[in-house]
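Participant:
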Amino acid sequence: MTSAFAARKLMAASAVVVLLAAACGTSATESPATQPPPTASTGPTDTGMDHEDLTGQTVTVIGTWGGDEETAFLEMVAPWEDSTGATVKYTGTRDLNIILSNGIQSGVLPDLAGLPGPGQMAEYAAAGGLVDLGGVLDVATYKNETAPALVDLGTVDGKIVGVFIKSAVKGLMWYVPSVLGAGTAPATWDDLQTLLASNASKADAYWCVGLESAAASGWPGTDWVEDIILRQSGPDVYNSWWQGDTKWSDPAIKSAFETFGDVVANAFGGSIGVNATAFQTGGDALFDSPPGCLLHHQASFITGLGAFATHAAGTDYDFFPFPDINSQYAGAVEGAGDLFGMFHDTPAARSLMAYLVTAEAQDIWVKHGGALSANKNATSYPDDIAKRSADLIVNAQTFVFDASDLMPQEMNAAFWKGIVDYVSDPGSLDSILANLDAVQATAYGE
Amino acid sequence: MTARTDSGASTGTGSRELPRWLTRLPLHLTVLVLMAIWLIPTIGLFVNSFRDPNEVTVSGWWTAIFPPENFSLSNYEYVLGRNNIGEAFINSLFIAIPATVIPVFVAGFAGYAFAWMRFPGRNVIFLTVVGLLVVPLQTTFIPILRLYADLGWNGQFLAVWLAHTGYGLPFAIYLLRNFMSELPREVFESADIDGAGFATKFFRLAIPMTIPAIAALAIFQFLFTWNDLLVAFVYIGAVNPDNLPLTVVVANLVQSTGGGWQYLAAAAFLTMAVPLIVFLFLQRYFVRGLTGGAVKG
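Sequence order for the protein chains is A and B.
Position one of the first sequence corresponds to residue 1 (the working numbering), numbered consecutively onward.
Position one of the second sequence corresponds to residue 1 (the working numbering), numbered consecutively onward.
1) For Val-108/A, go through chain B and note every residue whose CB falls closer than 8 Å to its CB, in chain order.
2) Please identify, using Cβ separations under 8 Å, the residues of the region 247-270 of chain B that lie next to chain A, in order along the chain.
3) Rounded to whole angstroms, what is the Cα-Cα separation between Val-179/A and Thr-194/A?
4) Take Glu-410/A and list the residues in its own chain whose beta-carbon comes closer than 8 Å to its own, dropping the five residues that flank it on each side.
5) Just list the alpha helix (DSSP H) runs in the region 44-88 of chain B, keeping only unbroken ones of 4 residues or longer that don't cross its boundaries, in chain order.
6) Quick one, are the C-beta atoms of Val-274/A and Leu-211/A less than 9 Å apart?
7) Establish whether the CB of Ser-217/A and some CB of chain D are separated by less than 9 Å.
8) So what does DSSP say about His-296/A, is it helix, strand or coil?
9) Strictly below 8 Å CB to CB, what residues from chain A border Val-234/B?
10) Does the region 257-277 of chain B touch the region 62-76 of chain B, meaning 3 or more C-beta pairs lie closer than 8 Å?
11) Compute the Euclidean distance between the alpha carbons of Gly-56/A and Trp-80/A, then round it to the nearest angstrom.
12) Could you give the distance in angstroms between the alpha-carbon of Val-363/B and the alpha-carbon of Ala-78/A?
13) Pop quiz: Trp-65/A and Ala-216/A are said to be a contact at Cβ under 8 Å. What is the actual Cβ separation, rounded to whole angstroms?
14) Ends of the alpha helix (DSSP H) at Lys-143/A?
15) Judging by CA-CA distance, which residue of Glu-75/A, Gly-370/A, Met-173/A, Gly-331/A is the nearest neighbour of Gln-232/A?
16) Does DSSP classify Ala-232/B as helix, strand or coil?
17) Which chain A residues sit within Cβ distance under 8 Å of Asp-242/B?
18) Output needed in chain order: residues of the region 123-147 of chain B with a Cβ under 7 Å from some Cβ in chain A.
19) Looking at Trp-365/A: is its Cβ nearer than 9 Å to the Cβ of Ala-113/A?
20) Which value, in whole angstroms, describes the spacing of the CA atoms of Leu-145/B and Asn-154/B?
21) Please classify Thr-42/A: does DSSP put it in a helix, a strand, or coil?
22) Report the neighbours of Asn-54/B on chain A: residues whose CB is nearer than 7 Å to its CB, in chain order.
23) Taking 9 Å as the threshold (C-beta atoms), are Tyr-285/B and Ala-215/B in contact?
24) Drop a sphere of 10 angstroms on the beta-carbon of Ala-140/A, count the other beta-carbons inside from all chains shown, and report buried for 16 or more, exposed for fewer.
25) Report the residue from Asn-91/B, Leu-132/B, Gly-260/B whose alpha carbon sits nearest the alpha carbon of Asn-227/B.
26) Considering only C-alpha positions, which residue in the set Thr-257/B, Val-278/B, Val-248/B, Ala-273/B is nearest to Glu-87/B?
27) Specify, as a first and last residue, the run of the alpha helix (DSSP H) that Tyr-174/B falls within.
28) For the region 311-398 of chain A, which segments carrying the alpha helix (DSSP H) assignment without a break, of at least 4 residues, lie completely within its bounds, in sequence order?
29) Check the DSSP bridge columns for Ile-160/A and list the partner residues they point to.
30) Give me the residue from Ile-253/A, Val-423/A, Phe-399/A with the minimum Cα distance to Ser-167/A.
31) Mind pulling the chain A residues with CB within less than 9 Å of Thr-57/B?
32) Using a Cβ cut-off of 9 Å, pull out every chain B residue sitting near Trp-65/A, in sequence order please.
33) Keeping to the same chain, check which residues put their C-beta closer than 8 Å to that of Thr-246/A; ignore five residues upstream and five downstream.
34) Buried or exposed: Gly-292/A, going by 16 or more other Cβ atoms within 10 Å of its Cβ?
35) Within 9 Å (strictly less), CB to CB, does Gln-120/A reach chain B?
36) What's the C-alpha gap between Thr-42/A and Asp-138/A?
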């Protein structure tokens, strides 16, 4: 969902040769001839913590985490630093592309880095920039502790090159128990409509929607459309759609847009309010008195943002999962996460990478709140809400990754813009979808 | 605001001419109004930097002033409490000062040479240098990163100093050359007659007469390098976060999901302090310097 697509244009086709040369050169020179044994031998219950002495070595890490997230990350790596004597040098930026796309071509890269998305990860892997983690991680334990869909997303040509060290569940419906009643959980979309209609008098509008997010404005709407497609038409349509095989003008996609249109028509602040409200504060009207809206649809990380951050989880607000629309596709969940990869195969980098995916490390991470772990065995969630969100991923019958994040950047950006256009003028849906079809025809061509 | 002379009293007979301060009044009012409009966003930011984020999202900053809201320093405390902020401040000075001094020096020599020394290809070289103004600096990242990688300079201050010098020089040379070429020819001719060499003419004549332009250039370059995020981030970020300047550290107060934005206003004012001081000290040169290179193209 991060923006940062401009830098990608630097990657002209002609640069591929350069890119290959640079990346190969790097890995050839930086790989020590003798590698320490992978941590596989430590057994599935062990933490995977490497106890070798790495005193004086440093690992450079780049990630998207800033502020309190950065603090949490540094706390997560602190036990590893204490145990090995090595140092982590962390740089945070929300524009990973600028470092990585320049770096992959110049060979100047951090040891470990967050990856902007699965698409870029595949490009870096194809260029030989990413180290195969098969020999770095305790693969059996990793696969055992991680949702298969997430493992697959980090795998390119049978090699694990990216791992999720943080995840999020999309499509949660947030509500205030004192308004809708504790334990509210409509099972189907129709039940949800009934629930809204019977509580209509309690708030100004049914829904809170906030789409503003600077250059990425519109993305919360893409989550809406994705959630609806997944439950209306099923994971097969969902997958063929983001892969570029199902057209945007397809009835399944159009119908999802129209369902989203119904939501916007009943949204707090009208279409202008929806487009002008920042996603971080999009649900704040839930807590107004009288409430501005009854429900807010947003991912699990909203608990750290806006008015959610200053209210008590579980008592002031709660969530229920996105209800099923077509019973045939019940139990589907959409999620997202932060991919992480390794560019330099050094002993310290290997050790840190292996440590980061362990439940021990992930426990420290999730304790801070606002983050879910991709690791099933990380259970130290600060509250019931976070724990239930994490369970959704673990127990999902069908787990899919955020479709817009999987699309080519150009398609993703057009999707964002399409959402904003549709909200401001629902009547122009056909021309918006036709335009998205035109982008789809070229964006996948590379 | 200007001379409030005794014009009204001394004429006594009821002058037909309005007093000077009155005729100037519309001008001053216009300037004051423009200034106020210009300052409003900054004032708003300043007020918001003391407010609670939840208040900021529901009411305008002007509502916080009357009656005064519960202002707090908590945003500033958070920013100053980040353990790398002090280091980043020093890093910013370490980057901005040499990255200002070096290009100003080089541009001084080059500007003088282009303006007063005769050598073959002078105009071609000058035009080439000025032509470099149109090269977007983003296109230079990859080749320079590779060059630095060979030299082992990535992550060091030197890398950023040289990068800023390169990016700043075309404009710096353009500005100083144009200013110096405006200096009176007679001064240099009489110096020639007295037997002064190039060095004497440069240090004793050209430089002292070019001080306003040099000061203006120094302000420009300092502001550019102090506020720069991209260049420092690209040449330092991947390999040595310990050397990152304030801009990068401040930008990273915001979380990946956009939380923590309330700290940016406070951080912006802390960042602004240094350029503000530099500007106040050198401001009288600033306006003069703005038109310095404009007379002759």
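Don't be surprised by glycine CBs; every beta carbon is placed ideally from N, CA and C.
For clarity, every value in this text was computed on a predicted model and none was experimentally measured.
Facilitator: So, from the data block:
1) Chain B residues near Val-108/A: Leu-145, Arg-146, Tyr-148, Ala-149, Asn-154, Ala-238, Val-239.
2) Residues passing the 8 Å Cβ filter: Val-248, Ala-251, Asn-252, Leu-253, Val-254, Gln-255, Ser-256, Thr-257, Gly-258, Gly-259, Gly-260, Trp-261, Tyr-263.
3) Going by C-alpha positions, Val-179/A is about 15 Å away from Thr-194/A.
4) Short of 8 Å from the beta carbon of Glu-410/A, and not among the five residues preceding or following it, lie these beta carbons of its own chain, in chain order: Phe-5, Val-439, Thr-442, Ala-443.
5) Within the region 44-88 of chain B, the complete alpha helix (DSSP H) segments at least 4 residues long are 53-58, 74-81, listed from N- to C-terminus.
6) In this structure, Leu-211/A lies closer than 9 Å to Val-274/A by Cβ.
7) Of the protein chains in this structure, namely A and B, none is chain D.
8) Three-state DSSP puts His-296/A in a strand.
9) Near Val-234/B (Cβ distances below 8 Å), the residues of chain A are Ile-98, Ile-99, Asn-102.
10) Output reads yes: the region 257-277 of chain B touches the region 62-76 of chain B.
11) Computed Cα separation, rounded: 13 Å.
12) Not covered by the structure: residue 363/B. The range shown for chain B is 1 to 297.
13) Incorrect: roughly 17 Å between the Cβ atoms, too far for contact.
14) Here the alpha helix (DSSP H) through Lys-143/A covers 139-145.
15) Taking only the C-alpha atoms, the option nearest Gln-232/A is Gly-331/A.
16) The three-state secondary structure of Ala-232/B, taken from DSSP, is helix.
17) Simply Lys-89.
18) For the region 123-147 of chain B, residues whose beta-carbon sits nearer than 7 Å to a beta-carbon of chain A comprise Phe-141, Ile-142, Leu-145, Arg-146.
19) Result no, Cβ atoms of Trp-365/A and Ala-113/A do not sit closer than 9 Å.
20) Whole-angstrom Cα-Cα distance: 7 Å.
21) Caution is warranted here: a pLDDT of 38 is assigned to Thr-42/A, below 50, making its placement in the model unreliable, and the coordinate value is therefore given only provisionally. Judged by DSSP in its simplified three-state form, Thr-42/A adopts helix.
22) For Asn-54/B, the chain A residues whose C-beta falls within less than 7 Å of its own C-beta are Ala-307, Thr-310, listed in chain order.
23) Less than 9 Å separates the beta-carbon of Ala-215/B from that of Tyr-285/B.
24) The residue in question, Ala-140/A, is exposed, as its Cβ has fewer than 16 Cβ neighbours within 10 Å.
25) Closest option to Asn-227/B, Cα to Cα, is Asn-91/B.
26) Taking only the C-alpha atoms, the option nearest Glu-87/B is Val-248/B.
27) Residues 157-181.
28) List check, alpha helix (DSSP H) in window: 347-356, 359-367, 384-395.
29) Under DSSP, Ile-160/A takes part in a beta bridge, and its partners are Thr-155/A.
30) The residue from Ile-253/A, Val-423/A, Phe-399/A with its alpha-carbon nearest to that of Ser-167/A is Phe-399/A.
31) Identification of chain A residues near Thr-57/B by a Cβ-Cβ cut-off of 9 Å yields Ala-278, Gln-280, Thr-281, Asp-284, Gly-306, Ala-307, ordered along the chain.
32) Neighbours of Trp-65/A in chain B, taken as residues whose beta carbon is under 9 Å from its own, are Asn-252, Gln-255, Ser-256 in chain order.
33) Cβ within range, chain order: Val-237, Ser-240, Ala-252, Ile-253.
34) Gly-292/A comes out buried.
35) Not one chain B Cβ lies under 9 Å of Gln-120/A.
36) Confidence at Thr-42/A is low in this model, with a pLDDT of 38, below 50, so its placement is unreliable and no value can be given for it.
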